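When we follow the working numbering, the leftmost residue of the sequence shown carries the number 1231, and every step to the right adds one.
From the three backbone atoms N, C-alpha and C, an ideal C-beta is built for every residue, glycine too.
Predicted model, so just to flag it, every value in this text is computed and none were measured.
Working notes for the structure below.
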Amino acid sequence: MSKPGYADNTARAEQIAQRTQHCIDKASAEAKRIGRQLKEHTVSFSDLLQQTHYPTFIYKGKRLIFWSNHTIIPELDLAGSYHQPAVVSNKYGAFIVVPHQTPYYSIYVYIPLQVNYSITNNYLTPKLYQQIFEQADLRLVLEPRAGLPQVYSRQNHFLFAIDFKAGKNQSGTEMLQFGLLTLGTVLFVLFSVVLSRHFLRRRQYNKGVAVLLSLLICFRVALLLLNLPFSIAETALFDPKLYAASFWSPSIGDLALNMLLLATTAGCGLYLFRKNNVLAHLKQLPAANNRWLQLGCFVSFYLLLVVLYRFYFGVYHNSPLVLDVSQSLTFTKYKVIIYGVMLLHTIALGMFTYMLATVLWVLLQREAGQWPYQLLGLVAGIMILFAAIYASPLLPVMLLGSLFWFLIVLSAQHRHTINSPYRTYLFFFLVMIISALTGAFALYNHYQSELKMYKQDFAYKLLKDNDVLGEYLIEHVADSIAADALIQMKMMGPYVDADFIKRKITRQYLRNYFDKYETSVLLFDSRGRTLESADTTAATLQELRRKYDNPQTRTERHNLFLIKDPTRLNARIYLKLIEVPINNVQKGTIVLQLTLKKLLPNSVVPELLVDHQDNEPYWMDMLSYAIYDGTKLRYSEGEYDYATNFNRKLVTKPELFQQGTSEGGYHHLGVRGENGQTLIITTEKYGGREVLSNFSFLFLVFVAGLIGCGFLYLLLQHRRIQEFSPNFSTKIQIFLNFGILLPLLLVSITTAGLVTASYKKDLMNTYEQRGEAIQENLGKLLDGKLEKDELKEKVEEVASISEADINLYDPNGRLQITSQPLIFEAGLLSKLINPEAFAALSERQALRVLLEEQAGNLRFNAVYLPLRSERNPGELEGFIGIPFFDSEKQLDLKLIELITTTMNIFTVMFIFFMALTFFASRALTVPLRMLAGKLKRTSLTGKNEMLAYEGADEIGMLVNEYNRMLLTLEQNKVDLAMQEKEAAWREMARQVAHEIKNPLTPMKLSLQYLQKAIAEKKPNTEQLISKIAHTLITQINILSDIATSFSSFTSMPEPKSELMDVAAALQKAVDLHNDPATAVLTTTIPDEAVIVMADESLLVRTFNNLLLNAIQAVPASRKPHLKVTLQVEEAKNAVLISISDNGSGIPAEIRGKVFIPNFSTKYTGSGIGLAVAKRGIENAGGRIWFESAEGKGTTFYISLPLAVV
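What follows is the structure in structure tokens.
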């Protein structure tokens, strides 16, 4: 039975072999093509460079005459060694060499397999050739090994083997398990949603949501307990290396799942909030609980802000990713996921806060005066005081919470100022601002804590006298060197290979930890005589001992001496004497001299030459430090001028040694040494600009995310677009916002692009000018005919003065002298000049060339110039290469500064214009609201007032037309009134005649019947007279009621419009008819005042009439059940009143006649009440209508506009 993944590894090995052979064929074709173009006596770099894809080296005999790549370290003695593709390996990597021979040249094409570096850091990491191995994680084995898949050339020559077990490749089984887990997760979520919807369709909202959240939470906990999916597939998304906070959030992927669950919980809460009609229940709560709920809303939001702050701080603290945009604008997919997680948390915060703010909005409708502000002031004061005393980092967050609630309370007391949809739009923008500011403050506090820890660690390194760990490691290194048989052999005989011994010790034994030391190796024979020239004043071992072996320099370890330079702070030099046995009798001595590198800000030593264990963070570039003895400056290092700018009085203040102090744009932290001295460490202040930059970035991320979510929602719910009907004010604000956003965005992008291009050009010019200055200095040195050692010393001196690394090449492009040999020893570059520079300077006679190069993952610029002596300017003496390893970093810093400045301006302007458009739309729509109010009260019966508007704009034209219409209306009003009056009297006369005829007919018949009975002298005449008299009296009463009703109608005064509390008027009417013996009344009327503009007496009569009609409409067989509700419709800025009964309903054929005067469905009704009610309600700008179902009952609705108080 095969092991899991074995077949999968075999298939991958076959694919690698195929890709390898494809590369070999391509390289072989390239070598043959180049061979056909070569001429016998001339080789053109410029022509051949265009033909090469892989690194190519051409030899003539044993002399290298062409190379296409200067980052590959070739075997310079390859000529004639290979006749078929073979693998060549050295400490810098492994390559497939594809040879090709021509009559005059040997061509070797290199196919990289693996690149190694002697130093490992963020820029230099061993890597496989992606074109062959793609993204596979494996180990390359260069000798045949049983059990491992092997790759052969077409000639059946072994190339390399592949060890898949050494990597962390995900086998097919793991990927299948991961896919099944993903599918199972999706199916489980779908099952939970379907099960939840089953309850929701039955209107069991609480149960449906509880089932959904319970299933999702249990599933999430199960994933955490089983460490899924990381336990079956080690995906980077769920790898704790990128983020690890706690059991609940062990990775970025888990954090994202948690935030998805949190957003789902918030969404479910908002869903229940609406479905359970929480606001309606709040309106019925006793007034005593109102203020307690307000207090709960205030405190809950402060707690939400604390949770949000802890979330942000945890993300910054537990992730190695640099999320501060003022220091890095490099984006990876994991950073994008983290920003997405922040967006999810902000959305969840928005939904929770929306519920709290809506509850408070409703509760404040019952409050009047200053009480809400007093309660908010009390709660905010307590929170701010608590934060100031016990948790100072939370102080800005508490201030943000207080400002947020102040705005909410202010808008609640002026709720008619903004319509509901735009209020929600502004609310979520406000929440995004709050969240982004909280994230920026959390990052600021995280930066300060990390900076303090770094400064303290830096101070410890400076102040400590010895390197305890270094001394321990030196002992182990000494034992290994003494036991090294190869070193022992090289030290025997008359000719000692000193260079080999030094290289072996430096590269094999003094790596990693000792990269922070400058090393020097001295060799002595058994008599103490030096075996090679070294930079020391001691000619013999005995003189060296006499000089350094004394009580002041001895350490606890044998033959290990510590020398300190009193003129420098933290200047440690270790001297280790290692006895190496040469034979049974004699012993040689190797002396290791380790000098601690100076911790200099802005050091010329490239950042890529520092091992990851000793790599200093970005603070090192900005750091300065000084030693004070009391208040007297003893020593300083860095760009900060302590003698001029530092206030010496700060040394005596305790806060300098606790959190540090800020002064003049710099932050100082003091650390006391054991000898009573004080070390001051200074960095540039991280302050408001950086906080604003991070706020701007987070805010723009949230805005983009919210807009994206909005578009996605509209795509899924496209019917909502048709339902969306904003008013004129909202349209103005939205159009102005986007009208400002788009131009501002385009201007910002254009400006950033132009400034970036200009800065790049200036930076390149600066590099070229520095290169020309160095060229001039070195040209003068060539006239002096200096020896190589003297020239090297001068080159290093020029490099130190110019703060640049200088490489000096001979006319053939070979490196002769360099000020930074570690670049070449580490294998970053070969000792050959860049072939493009060689072609430009040597063949095309260019004055200079500026190229972009790459070492590892670091891109940098390099300037190459020809070197000529002043005596013979026509002869080329060599080439100068000046790599600017910090060019990309400098450019990144400038771009960061530019982009963050652009973001800050854009964000501030966007928020400013968003507020400005709000007030602008208010100013633009005030005349329209005034005109709408006047139009609502415009009638043919009442007195109409003209509008006063001074502007000559379109609104002014509309006002003028309205005023002219009123004049015309007044002219025609009298005539129309007379015509209406005549028509009304004619109609009334007809109705009165009709109503009078109805009782007259039975009266006449009764009297005729009585006459006949008297004439016939019937015996029951007296009874008949009594009965007919009763009938006559009843009909006469009906006639009297008709006369009284019409008399009241004709004498009814004009309705008066005044501010009134419609809720109180309705409650009075309900109390009048609330007789349990007669009818059962159910009311939903808010306690707070609901102010409208209407005639109070007319509304009260209307309510009484509707309530009486409702009671009378119920058949005698059942008891009347009436439901009276009053609801404030914020979106429509109106109040809706409904009165429902359980009567017989109104037949469909007479529903159109209900509001006609004199029409009634009751035998004793006059038909005037509803007509009068309709007239009065419409005069107040409202309307009345009804809905009826025969046999079930009728509901009358009255809608009135809310008054602007």
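Asked, Found
"Shortest alpha-carbon distance to residue 2314 belongs to which of 1909, 1551, 1338 and 2296?", "2296"
"What do you get for residue 1819, buried or exposed, if any count of 16 or more other CB atoms within 10 angstroms of its CB means buried?", "buried"
"With DSSP collapsed to three states, give me the class of residue 2416.", "strand"
"Quick check: what's the CA-CA separation for residue 1454 versus residue 1461?", "10 angstroms"
"Which of the three DSSP states is assigned to residue 1621 in this structure?", "coil"
"Suppose only complete runs of 3+ residues qualify. What are the beta strand (DSSP E) ranges in the stretch 1771-1816, listed by chain order?", "1790-1794 and 1802-1811"
"Note down the Cα distance separating residue 1821 from residue 1242, rounded to an integer number of angstroms.", "51 angstroms"
"Under DSSP, the alpha helix (DSSP H) around residue 1449 begins and ends at which residues?", "1435-1455"
"Does DSSP put residue 2072 in a helix, a strand or coil?", "helix"
"In the DSSP assignment, the alpha helix (DSSP H) including residue 1360 goes from what residue to what residue?", "1360-1363"
"Between the alpha carbons of residue 1221 and residue 1690, how many angstroms are there, rounded?", "The chain is shown from 1231 up to 2435; residue 1221 falls before or after that span and cannot be answered."
"Should residue 2383 be labelled buried (16 or more other beta-carbon atoms within 10 Å of its own) or exposed?", "exposed"
"Taking residue 1433 as the reference, give the member of 1469, 1502 and 1473 with the closest Cα.", "1502"
"Starting from the Cα of residue 2035, find the closest Cα among 1301, 2110, 1894 and 1252 and give me that residue.", "2110"
"State whether the stretch 1709-1727 contacts the stretch 1964-1978, with contact taken as three or more CB pairs (one from each stretch) at a distance under 8 angstroms.", "no"
"So who's on the other strand from residue 2379, going by DSSP bridges?", "DSSP output for residue 2379 lists no bridge partner at all."
"Assign residue 1549 to one of two classes, buried (16 or more other C-beta atoms within 10 Å of its C-beta) or exposed (fewer than that).", "buried"
"Taking buried to mean at least 16 other C-beta atoms within 10 Å of its own C-beta, is residue 2267 buried or exposed?", "exposed"
"Would you kindly check if the distance between the Cβ of residue 1857 and the Cβ of residue 1909 is under 8 angstroms?", "yes"
"Are the CB atoms of residue 1390 and residue 1343 nearer to each other than 8 angstroms?", "yes"
"Would you mind giving the Cβ-Cβ distance between residue 1459 and residue 1408, rounded to the nearest angstrom? I have them listed as a contact below 8 angstroms.", "6 angstroms"
"Taking the Cβ atom as the reference point for each residue, do residue 2446 and residue 1567 lie within a distance shorter than 8 angstroms?", "With the chain running from 1231 to 2435 in the structure shown, residue 2446 is simply not present."
"Have a look at 1340, 1935 and 1610 and flag the residue whose alpha-carbon is nearest the alpha-carbon of residue 1531.", "1610"
"Is the stretch 2084-2100 close to the stretch 1309-1326, with three or more CB pairs under 8 angstroms?", "no"
"What is the C-beta distance between residue 1920 and residue 1556, in whole angstroms, given that I count them as a contact (C-beta under 8 angstroms)?", "4 angstroms"
"Exposed or buried, which one is residue 1438 when buried takes at least 16 other CB atoms within 10 Å?", "buried"
"Given this structure, state the Cα-to-Cα distance separating residue 1811 from residue 1752, to the nearest angstrom.", "16 angstroms"
"For the beta strand (DSSP E) containing residue 1914, list its first residue and its last residue.", "1908-1914"
"With which residues is residue 2424 paired in a DSSP beta bridge?", "2418"
"Rounded to the nearest angstrom, what separates residue 1848 and residue 1469 at their Cα positions?", "Only weak support exists for where residue 1848 lies, its pLDDT of 47 falling under 50; the coordinates are left without a value."
"Check residue 1628 in the structure and name its three-state DSSP category.", "helix"
"Around the Cβ of residue 2421, are there at least 16 other Cβ atoms within 10 angstroms (buried) or fewer (exposed)?", "exposed"
"Expressed to the nearest angstrom, what Euclidean distance is found between the alpha-carbon atoms of residue 1246 and residue 1239?", "10 angstroms"
"Should residue 2432 be labelled buried (16 or more other beta-carbon atoms within 10 Å of its own) or exposed?", "buried"
"List the endpoints of the continuous alpha helix (DSSP H) containing residue 2342.", "2326-2342"
"Below 8 angstroms on the Cβ atoms is my contact criterion, and I expect residue 1747 with residue 1825 to pass it. Report the Cβ-Cβ distance as a whole number of Å.", "6 angstroms"
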